[in-house]
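Okay, so the sequence shown: first residue is 132 according to our numbering, each after it adds one.
Just so you know, even glycine gets a beta-carbon here, dropped at the ideal spot from N, CA and C.
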Amino acid sequence: MTPRPDPADLPFWGYSDLALFVGMILPSVGIAAILTKGLALLAPVMFARKTVSGLGMQLLFYILFFASLYGLLRLRHARPFWESLGWRYRAPGFWTSFMAGPLLAIFVGFAGVLIKAPTIPMPFDEMLNDKISLALLSFFIVILGPLCEELFFRGFLLPLLARSFGWGVGILITALPFALLHGPQYKWAWQQIFLVYFSGVVFGLVRRSTGSTAASTAIHATYNGIFLALFIYQHYF
């Protein structure tokens with residue numbers, strides 16, 4: 132597919148902006164943790180479960196994440212947020228990306244068997260017996276997680292690296308911190324991290340080929356959705 136001309140090929144932000152944003156991450160985690168503890172004191176029953184408390188903290192972190200990135204683009208550079216990060220619904224290949232997610236999930240599943248990727252227990256079992264908790268979990272895994280990760284990795288970081296090293300190298304580099312971000316979730320099993328890295332490369336290729344972060348979010352969302360559906364199926368059946 133011929134890459135769509137994209138203003139993000141020449142991003143107006145630089146590495147100082149990246150450093151500033153990364154510097155906001157740790158304080159955001161700290162603030163989210165403090166706010167979560169405060170909410171737990173106000174609603175102890177709701178936050179009694181560790182998974183619910185964890186999702187609450189993650190939600191607060193995502194809010195601060197959006198605020199930091201939005202402020203960086205809107206306040207420091209006075210540029211539009213969504214357009215700057217390549218969020219385009221009408222990009223060629225956008226709807227195809229929804230169908231590509233399940234295909235990628237199937238491929239990764241077979242690849243995991245071939246490289247003997249270990250099965251890592253997920254801390255979600257207690258949430259599967261509560262419909263509200265399950266709905267919140269699904270929202271995080273299928274919508275909010277892919278959205279935030281794609282806006283940063285493929286919307287903000289990738290164009291910056293591509294400007295310096297070219298799109299091919301930029302895609303490969305961007306997939307590395309993306310994979311390492313998921314390391315604790317998979318207990319640092321190299322097979323699982325490699326599979327996440329491979330998926331990140333595919334998400335980057337979709338971002339490049341379509342010129343759209345919405346497209347990379349679409350494939351990421353349906354990819355996650357397949358694994359979530361399998362996890363739920365295994366739990367109930």
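Straight-line gap, residue i to residue j (C-alpha atoms, nearest Å)
i	j	result
L265	S295	42 Å
Y367	L361	10 Å
A163	L191	5 Å
N355	L200	24 Å
L203	G276	20 Å
G331	G314	13 Å
A171	L186	12 Å
Y193	D261	23 Å
V333	P223	16 Å
Where residue i sits in the DSSP three-state scheme
i	result
K318	coil
A198	helix
F143	coil
T167	helix
T250	coil
A222	coil
A209	coil
L216	coil
P158	helix
A150	helix
Beta-carbon contacts of residue i that lie in its chain and below 7 Å, excluding the five residues immediately before and after
i	result
L359	S269, I272, V273
T133	Its pLDDT being 43, under 50, T133 is placed unreliably by the model, and nothing is read from it.
Where the alpha helix (DSSP H) containing residue i begins and where it ends
i	result
G129	This structure does not reach residue 129, given that the chain is present from 132 up to 368, and the question cannot be answered.
P233	225 to 245
P308	298 to 312
G276	276 to 281
I263	262 to 269
Same chain, Cβ closer than 6 Å to residue i, neighbours up to 5 away in sequence not counted
i	result
G297	none
Q322	I246, A248
**Asked** Are the stretch 146 to 162 and the stretch 217 to 227 in contact at 8 Å, needing three or more beta carbon pairs?
**Response** In short, these stretches do not touch, since the Cβ pair count stays below three.
**Request:** Pair every Cβ in the stretch 326 to 345 with every Cβ in the stretch 299 to 308, then say whether three or more of these pairs are closer than 8 Å.
**Result:** Yes, the stretch 326 to 345 is in contact with the stretch 299 to 308.
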